[in-house]
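*Asks:* From first to last, the protein sequence lines stand for chains G and E. Mapping the first sequence onto this note's numbering, position 100 (from 1) lands on 233, and the numbers just tick up by one. Mapping the second sequence onto this note's numbering, position 108 (from 1) lands on 647, and the numbers just tick up by one.
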Amino acid sequence: MTAVVVAGLTLREVTRRRAVMVLLIGMPLAFYLTRRDLPGQSTRMLTLGIGWAVATLTLFVVNAQRGVDPRLRLAGASVTALVGGRLLAMTAAGVGLAGGYWGLVAVLQDVRRPWAIGPLMLVSALVGVPFGSLVGALLPRELEGALALLTVVAVQMLANPEGLLAEVMPFWSARELGNYAIDATAVSDLWRALLHAGATWTLATGLTVALFARRLRVARYPEP
Amino acid sequence: MSPDDWPARFEAELLRLGQHPARARALADETAQQAVESGTGPDRLFGPAHLYARHLVSELNDVPPGPAGGGPPAPGRVLLRLRDVGKRYRRRVVLSGVDLTVRAGEVAAVVGANGCGKSTLLRICAGLTRPSSGAVERTHRVGLVPQDGGTADWLTAAEHFTLFGAAAGMAPRRARSAGEHLAARLAWRPAAGQPAQELSGGTRQKLNLVLGELGSPDLLLLDEPYQGFDEGTYLDFWRQVAAWRDAGRAVVVVTHLLHDLRDVDQVLDLGSRPGGRVAAVAR
Numbered sequence: 134m135t136a137v138v139v140a141g142l143t144l145r146e147v148t149r150r151r152a153v154m155v156l157l158i159g160m161p162l163a164f165y166l167t168r169r170d171l172p173g174q175s176t177r178m179l180t181l182g183i184g185w186a187v188a189t190l191t192l193f194v195v196n197a198q199r200g201v202d203p204r205l206r207l208a209g210a211s212v213t214a215l216v217g218g219r220l221l222a223m224t225a226a227g228v229g230l231a232g233g234y235w236g237l238v239a240v241l242q243d244v245r246r247p248w249a250i251g252p253l254m255l256v257s258a259l260v261g262v263p264f265g266s267l268v269g270a271l272l273p274r275e276l277e278g279a280l281a282l283l284t285v286v287a288v289q290m291l292a293n294p295e296g297l298l299a300e301v302m303p304f305w306s307a308r309e310l311g312n313y314a315i316d317a318t319a320v321s322d323l324w325r326a327l328l329h330a331g332a333t334w335t336l337a338t339g340l341t342v343a344l345f346a347r348r349l350r351v352a353r354y355p356e357p
Numbered sequence: 540m541s542p543d544d545w546p547a548r549f550e551a552e553l554l555r556l557g558q559h560p561a562r563a564r565a566l567a568d569e570t571a572q573q574a575v576e577s578g579t580g581p582d583r584l585f586g587p588a589h590l591y592a593r594h595l596v597s598e599l600n601d602v603p604p605g606p607a608g609g610g611p612p613a614p615g616r617v618l619l620r621l622r623d624v625g626k627r628y629r630r631r632v633v634l635s636g637v638d639l640t641v642r643a644g645e646v647a648a649v650v651g652a653n654g655c656g657k658s659t660l661l662r663i664c665a666g667l668t669r670p671s672s673g674a675v676e677r678t679h680r681v682g683l684v685p686q687d688g689g690t691a692d693w694l695t696a697a698e699h700f701t702l703f704g705a706a707a708g709m710a711p712r713r714a715r716s717a718g719e720h721l722a723a724r725l726a727w728r729p730a731a732g733q734p735a736q737e738l739s740g741g742t743r744q745k746l747n748l749v750l751g752e753l754g755s756p757d758l759l760l761l762d763e764p765y766q767g768f769d770e771g772t773y774l775d776f777w778r779q780v781a782a783w784r785d786a787g788r789a790v791v792v793v794t795h796l797l798h799d800l801r802d803v804d805q806v807l808d809l810g811s812r813p814g815g816r817v818a819a820v821a822r
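This is the structure we're talking about:
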């Protein structure tokens with residue numbers, strides 16, 4: 134119940150920030166338009182843009198509540214309700230964004246497996262949510278968190294796709310899924326990507342909850 | 540929860556506030572009867588059950604002593620007790636040797652110079668900061684009003700009521716109703732659709748006060764909550780503190796305004812420097 138209320142109100146907060154909404158939608162679009170003449174490149178950049186935009190939004194949403202969360206904990210809210218509610222809201226925003234861009238690519242681009250573009254965008258958005266919240270939990274100040282996200286995404290773009298560094302990056306699954314969707318590589322790429330995405334999501338979500346449980350703990354004093 | 544449950548919730552709160560069971564039942568019946576006679580639901584006539592129960596108990600406690608005795612209520616059970624509490628951050632001692640006992644129906648003021656640990660002490664009382672030494676006992680039902688912040692910029696007052704109410708296990712409608720009722724006591728009617736960031740400093744502090752009280756806590760911890768209040772609101776605030784006390788709540792208020800101290804039952808002076816000796820004065 135509390136998680137649902139937190140999720141609903143978080144979405145309302147985000148949608149009221151019109152400039153944020155424009156940038157959330159516009160950032161992946163800018164990535165896409167830069168290389169729109171190359172279907173593979175533009176789709177891959179768009180996917181990374183979705184993950185980055187959703188992760189950054191989640192980072193700011195999580196950090197914006199630093200003053201409110203201790204009071205909500207004191208009022209009786211659990212850490213899982215607070216964190217879960219916000220992740221739920223950001224997941225809904227990410228799914229909406231991914232769905233919209235799936236339609237755009239399906240209509241405008243000639244890719245080998247158009248149906249796989251949907252999961253590709255979805256995986257990027259779904260991984261971006263807990264990854265952004267984990268960075269927010271580790272780096273409670275927005276500037277530090279934003280710089281850390283920028284670094285991770287830059288490394289993700291520049292690292293050798295075959296190397297270990299690329300594989301340990303959070304959005305490696307989107308790159309693999311991109312190969313499957315755009316270049317029609319073997320189905321094993323699809324499974325590897327889904328496994329990586331699932332593991333990243335689980336790890337990032339678990340660490341986020343653990344870190345917030347520590348940050349938002351309330352001492353249990355005995356009754357006088 | 541439906542309005543039909545109102546008398547039961549009202550009676551349960553009266554019992555929780557220490558009213559005799561027969562008296563609580565009689566008051567609940569009487570109140571339900573008044574609602575029937577007025578042709579409207581008790582929730583619309585009296586507001587949220589738990590708030591009206593507190594208001595009624597406060598009014599009953601204000602009855603002047605008659606031939607059968609009475610008078611102001613004696614301090615009740617202990618709701619907060621600090622014994623030799625200290626706090627240090629690495630080598631820096633912020634607090635040491637703090638003792639404080641606050642009972643139901645008492646107001647305690649915490650005073651001291653800037654940086655002497657007043658807000659840290661309040662956070663320790665809340666349980667948001669752990670003491671480095673000493674022992675704390677505290678009732679579970681507690682509300683905290685911070686000096687600033689503590690609200691979400693893009694949510695309206697009604698949405699804050701819903702959010703904090705959900706945390707306390709209240710249904711959204713009941714939380715909004717309780718919030719609006721409490722706001723009215725501070726002479727504030729929240730405007731629909733106005734986010735918190737557009738509120739003036741004083742009005743935002745009113746929102747903070749309402750949120751601190753929303754879950755009907757037994758113990759209220761207030762950290763200079765009157766920042767930005769105009770004179771009328773400031774007086775309303777202290778009247779509200781007196782009403783809380785009369786309703787059997789305990790209040791700990793951090794303040795630096797010495798003329799506030801005439802309205803409190805005890806003063807905890809944390810001294811002029813961090814970690815300095817403390818002196819508690821009963822009044």
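Positions of the beta carbon are idealized from the N, C-alpha and C atoms, including for glycine.
Using only the alpha-carbon positions, how far apart do Arg325(G) and Val301(G) sit?
*Replies:* Here residue 325(G) refers to the residue found at position 192 when the first sequence is read from its first residue. Here residue 301(G) refers to the residue found at position 168 when the first sequence is read from its first residue. Their Cα atoms are separated by approximately 13 Å.
*Asks:* Work out the CA separation of Met178(G) and Arg583(E) for me, nearest whole Å.
*Replies:* To locate residue 583(E), count along the second sequence from 1; it is residue 44. To locate residue 178(G), count along the first sequence from 1; it is residue 45. Distance between the alpha carbons of Arg583(E) and Met178(G) is about 57 Å.
*Asks:* Threshold first: 4 residues or longer. Then list the alpha helix (DSSP H) segments lying entirely within the stretch 752-809 of chain E, N to C.
*Replies:* 770-785
*Asks:* Which value, in whole angstroms, describes the spacing of the CA atoms of Phe164(G) and Arg620(E)?
*Replies:* Here the question's residue 164(G) lines up with position 31 in the first sequence. Here the question's residue 620(E) lines up with position 81 in the second sequence. If you take the alpha carbons of Phe164(G) and Arg620(E), they lie about 59 Å apart.
*Asks:* For Ala789(E) and Arg562(E), what's the separation of their Cα atoms in angstroms?
*Replies:* Looking up residue 789(E) in the second sequence gives position 250. Looking up residue 562(E) in the second sequence gives position 23. So the two alpha carbons sit approximately 23 Å from each other.
*Asks:* What do you reckon, are the CB atoms on Gly833(E) and Gly787(E) nearer than 7 Å?
*Replies:* Given a span of 540 to 822 for chain E in the structure shown, any question on residue 833(E) remains unanswerable.
*Asks:* Find the residues of chain G that neighbour Val675(E), judging by a C-beta separation of less than 9 Å, and give them in chain order.
*Replies:* By one-based count along the second sequence, residue 675(E) stands at place 136. Ala352, Tyr354 and Pro355, listed in chain order.
*Asks:* Would Leu157(G) count as contacting chain E if we go by Cβ distances under 7 Å?
*Replies:* If you number the first sequence from 1, residue 157(G) lands on position 24. Not one chain E Cβ lies under 7 Å of Leu157(G).
*Asks:* Any contact of the stretch 135-151 of chain G with the stretch 207-219 of chain G, i.e. 3+ C-beta pairs under 8 Å?
*Replies:* yes
*Asks:* Taking the Cβ atom as the reference point for each residue, do Ser257(G) and Thr180(G) lie within a distance shorter than 7 Å?
*Replies:* Against the first sequence, residue 257(G) aligns to sequence position 124. Against the first sequence, residue 180(G) aligns to sequence position 47. Result yes, Cβ atoms of Ser257(G) and Thr180(G) sit closer than 7 Å.
*Asks:* The beta strand (DSSP E) that contains Ala674(E), what's its start and end?
*Replies:* Translated into positions along the second sequence, residue 674(E) becomes position 135. Per DSSP, the continuous beta strand (DSSP E) segment holding Ala674(E) begins and ends at Ser672 to Arg677.
*Asks:* Alpha carbon to alpha carbon, what distance is there between Tyr591(E) and Ala332(G)?
*Replies:* Residue mapping note: residue 332(G) aligns to position 199 of the first sequence, counting from 1. Residue mapping note: residue 591(E) aligns to position 52 of the second sequence, counting from 1. In a straight line, the C-alpha of Ala332(G) is about 52 Å away from that of Tyr591(E).
*Asks:* Within the chosen definition, does the stretch 236-251 of chain G reach the stretch 195-209 of chain G through at least 3 CB pairs nearer than 8 Å?
*Replies:* Verdict: no, contact absent.
*Asks:* Using the rule of at least 16 other Cβ atoms within 10 Å of the residue's Cβ for burial, across every protein chain shown, is Gly236(G) buried or exposed?
*Replies:* Your numbering for residue 236(G) matches position 103 in the first sequence. Exposed is the call here.
*Asks:* Please name the residue or residues paired with Gly625(E) in a DSSP beta bridge.
*Replies:* By one-based count along the second sequence, residue 625(E) stands at place 86. Among the bridge pairs identified by DSSP, Gly625(E) is matched with Ser672(E).
*Asks:* Is the stretch 181-198 of chain G close to the stretch 155-164 of chain G, with three or more CB pairs under 8 Å?
*Replies:* yes
*Asks:* So with Cβ pairs under 7 Å, would you call Val342(G) a contact of chain E?
*Replies:* Position 209 of the first sequence, counting from 1, holds the residue named residue 342(G). It does not; no Cβ of chain E falls within 7 Å.
*Asks:* Which class does Pro604(E) belong to by DSSP, given the choice of helix, strand or coil?
*Replies:* Working through the second sequence from its first residue, we reach residue 604(E) at position 65. Annotation note: pLDDT 42 at Pro604(E) (below 50); position unreliable, coordinate value reported separately. If DSSP states are grouped into helix, strand and coil, Pro604(E) belongs with coil.
*Asks:* Only counting the same chain, and skipping five residues up and downstream in sequence, which positions put a Cβ closer than 8 Å to that of Gln198(G)?
*Replies:* In the first sequence, residue 198(G) corresponds to position 65, counting from 1. So the list reads Leu215 and Arg219, once near-sequence residues are dropped.
*Asks:* Could you work out which residues of chain G lie near Thr690(E), taking near to mean beta carbons separated by less than 8 Å?
*Replies:* For the purposes of this step, residue 690(E) is taken as residue 151 along the second sequence, with counting starting at 1. Neighbours of Thr690(E) on chain G, chain order: Gly200 and Val201.
*Asks:* Please work out which residues of its chain come closer than 8 Å, Cβ to Cβ, to Pro606(E), disregarding the five sequence neighbours upstream and downstream, and give them in chain order.
*Replies:* Here the question's residue 606(E) lines up with position 67 in the second sequence. Residue placement at Pro606(E) is flagged as unreliable, the pLDDT there being 39, under the threshold of 50; a coordinate-derived value is accordingly withheld.
*Asks:* Quick one: Cα of Arg631(E) to Cα of Gly654(E), how far?
*Replies:* Position 92 of the second sequence, counted from the first residue, corresponds to residue 631(E). Position 115 of the second sequence, counted from the first residue, corresponds to residue 654(E). About 12 Å.
*Asks:* Hey, Phe549(E) and Ala567(E): beta-carbon distance below 7 Å or not?
*Replies:* Start at 1 with the first residue of the second sequence, and residue 549(E) comes out as number 10. Start at 1 with the first residue of the second sequence, and residue 567(E) comes out as number 28. Judged by their CB atoms, Phe549(E) and Ala567(E) are nearer to each other than the 7 Å cut-off.
*Asks:* Helix, strand or coil, according to DSSP, for Leu156(G) in the structure here?
*Replies:* The count along the first sequence starts at 1 and reaches residue 156(G) at position 23. In the structure shown, the three-state DSSP call for Leu156(G) is helix.
*Asks:* Strictly below 9 Å CB to CB, what residues from chain G border Arg712(E)?
*Replies:* Looking up residue 712(E) in the second sequence gives position 173. The contact set of Arg712(E) on chain G, defined by CB atoms closer than 9 Å, is empty, because the minimum CB distance reaches about 12 Å.
*Asks:* Could you give the distance in angstroms between the alpha-carbon of Gly233(G) and the alpha-carbon of Thr224(G)?
*Replies:* Start at 1 with the first residue of the first sequence, and residue 233(G) comes out as number 100. Start at 1 with the first residue of the first sequence, and residue 224(G) comes out as number 91. Roughly 14 Å separates the two Cα atoms.
*Asks:* DSSP three-state call for Gly269(G): helix, strand or coil?
*Replies:* To locate residue 269(G), count along the first sequence from 1; it is residue 136. The DSSP-derived three-state label of Gly269(G) is helix.
*Asks:* Taking a contact to mean a Cβ-Cβ separation below 7 Å, would you say Gly754(E) touches Arg204(G) in this structure?
*Replies:* Here the question's residue 754(E) lines up with position 215 in the second sequence. Here the question's residue 204(G) lines up with position 71 in the first sequence. No.
*Asks:* Under 8 Å Cβ to Cβ from Ala735(E), same chain only, skipping five residues before and after it: list those, please.
*Replies:* Here residue 735(E) corresponds to residue number 196 of the second sequence, with the count starting at 1. The answer, listed in chain order, is Thr690, Ala691, Asp692, Trp693, Leu694, Thr695, Ala696, His699, Arg743 and Leu746.
*Asks:* Which residues, in chain order, does the stretch 267-294 of chain G contribute to contact with chain E at a C-beta distance below 8 Å?
*Replies:* none
*Asks:* What does Val681(E) pair with, by DSSP beta-bridge criteria?
*Replies:* Counting from 1 along the second sequence, the entry for residue 681(E) is found at position 142. The partner list for Val681(E) (beta bridge, DSSP) reads Leu758(E).
*Asks:* Among the residues of its own chain, which have a CB less than 6 Å from the CB of Ala222(G), if the five just before and after it don't count?
*Replies:* As a working mapping, residue 222(G) is identified with position 89 in the first sequence. Closer than 6 Å at Cβ, skipping near neighbours: Ala140, Thr143 and Leu144.
*Asks:* Give the secondary structure of Ala648(E) by DSSP, where H, G and I count as helix, E and B as strand, and everything else as coil.
*Replies:* As a first step, residue 648(E) is located in the second sequence; it is residue number 109 there, counting from the start. Here Ala648(E) sits in strand by DSSP.
*Asks:* When the cut-off is 7 Å and only beta carbons count, does Ala208(G) lie next to chain E?
*Replies:* As a working note, residue 208(G) is residue 75 in the first sequence. Yes - at least one Cβ of chain E is within 7 Å of the one on Ala208(G).
*Asks:* Could I get the ranges of all uninterrupted alpha helix (DSSP H) runs contained in the stretch 280-351 of chain G, with 4 residues as the minimum, in chain order?
*Replies:* 297-300, 305-315 and 320-348
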